[in-house]
Structure formats: C-alpha cells, structure tokens
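First comes the structure, then the notes that go with it.
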Amino acid sequence: MKKYLGAFLLLAVLTAAGYILFAPKRQSAPAFALPNLQGQNMDQTALQGKVTLINFWFPSCPGCVTEMPKLIRMHQDYQGKNFQIIAVSIPVPSDPLPVVQTYAQTHRLPFTVLHDAQGRTQQAYQVIAAPTSFLVDKNGRIAKTYVGEPDFTEVYRLADQLLAE
1 MKKYLGAFLL LAVLTAAGYI LFAPKRQSAP AFALPNLQGQ NMDQTALQGK
51 VTLINFWFPS CPGCVTEMPK LIRMHQDYQG KNFQIIAVSI PVPSDPLPVV
101 QTYAQTHRLP FTVLHDAQGR TQQAYQVIAA PTSFLVDKNG RIAKTYVGEP
151 DFTEVYRLAD QLLAE
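Each residue of the sequence shown is one higher than the last, beginning at 1 in full-length UniProt numbering.
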C-alpha cells in the first residue's frame, strides 16, 4: 500500500512540475489605438491593472447580437471590480460608424465601444470570425481566446481567477 502511495505522490509531483515548466506562457495583447464612439482615442495602456474582456463584433453579426445581453450582464456583475469590457466593432460594409453608434445607443451598451475602421486591430489580434473575444489579465497578457459565443460560466470562472492573481 505504501509503495502505491509513494508512486502516486511521485506521479503527482512530476505532473505538477511538468505543468509549471511546460505550461504555455501568456502572450502580450497586441498594441492598439482606436477611437471610441465619441471620437476619443484609447490604447492598450487601458488594459494595465484591469482584467479585460476584448470583444470583436459588428451589429449585423447574428452571434454578436445574441451574446451582447450576456456582455451587458457581465459588465453589471463586475461593476466596481477591477474588470472592464471593451467592444471593438470591426469594419464590414453593412455596419459603418453611424450604424455602430445607433446600435450602441439603442441597446444602451454600458461598456467602452471602439471602432476599428481600418481593421488594423482586427488584423493585429488575428480575428477571422465574429464574435471573437480575448480575456486579458491585469498585465495586458491574453489568458484565453474565444471564437464564437463563449461559455459564459467559464468566462466568469476565469475572470474571477484572473482578478484573484
């Protein structure tokens, strides 16, 4: 019995050591500088010191529209904590800036909405589908990427974990 317990403990230690040594390192979120819907610029320095969910979307995207109430709810749930949501509208011909502004006003989006008119930030983040979200830690490093609507239970769990770091 002691032999098996010793072997089990050794295996557990080796597994933990392997995870620590070979776990993927978080990559820094790409730099960006984009205007919000009021025309004021925001850049990646806004990520420092806060856990941030960056969501790439556009108003005529069905999946984006479906997840928007969940993003609003998450914003409300984390209000007063070191957490923020930044929604980046990506350029599509059907959704120019006035359409994005109208959507944000009509749906009363409570978080920061940035407009990536040239698609440079979309390219920097290698976004090829919408919605795509990036959960970024307090040091501006990407902790998790979600293509499509994420499982918000997991997003909340990971956000809580990042807030505790």
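Ideal placement from N, C-alpha and C gives every residue a C-beta, glycine not left out.
Just to confirm, is the Cβ distance from residue i to residue j under 9 Å?
i, j, result
"isoleucine 90", "glycine 63", "no"
"valine 113", "leucine 37", "yes"
"methionine 68", "phenylalanine 152", "no"
"leucine 97", "alanine 117", "yes"
"threonine 145", "leucine 34", "no"
Looking at C-alpha atoms only, which residue of the options is the closest neighbour of residue i?
i, options, result
"glycine 49", "Gly140, Gly148, Ala29, Pro150", "Gly140"
"proline 110", "Ile128, Asp77, Leu158, Asn41", "Asp77"
If I measure Cβ to Cβ from residue i and keep anything under 7 Å in the same chain, skipping five residues before and after, which residues do I get?
i, result
"glutamine 44", "Ala29, Ala31, Phe32, Gly140"
"leucine 163", "Val51, Lys81, Asn82, Phe83"
Would you please state the rounded distance, in angstroms, between the beta carbons of residue i and residue j? I believe it to be under 8 Å.
i, j, result
"alanine 104", "tryptophan 57", "Contact doesn't hold; Cβ gap of about 11 Å is too wide."
"valine 100", "histidine 115", "6 Å"
Under 9 Å, Cβ to Cβ, is there at least one residue of chain C near residue i?
i, result
"serine 60", "Among the chains of the structure shown, chain C does not appear; only one protein chain is present."
Sorted by chain position, which residues of the same chain lie with C-beta nearer than 6 Å to residue i's C-beta, five sequence neighbours on each side aside?
i, result
"threonine 132", "Phe56, Val147"
"valine 92", "Phe58"
Residues in the same chain with beta-carbon distance under 8 Å from residue i, minus the five sequence neighbours each way, listed in chain order, please.
i, result
"isoleucine 142", "Arg26, Gln27, Ser28, Ala29, Phe134, Leu135, Val136"
If you reduce the DSSP assignment to three classes, tell me which class residue i lands in.
i, result
"glycine 148", "coil"
"isoleucine 128", "coil"
"histidine 75", "helix"
"alanine 23", "Only weak support exists for where alanine 23 lies, its pLDDT of 45 falling under 50; the coordinates are left without a value."
"leucine 37", "coil"
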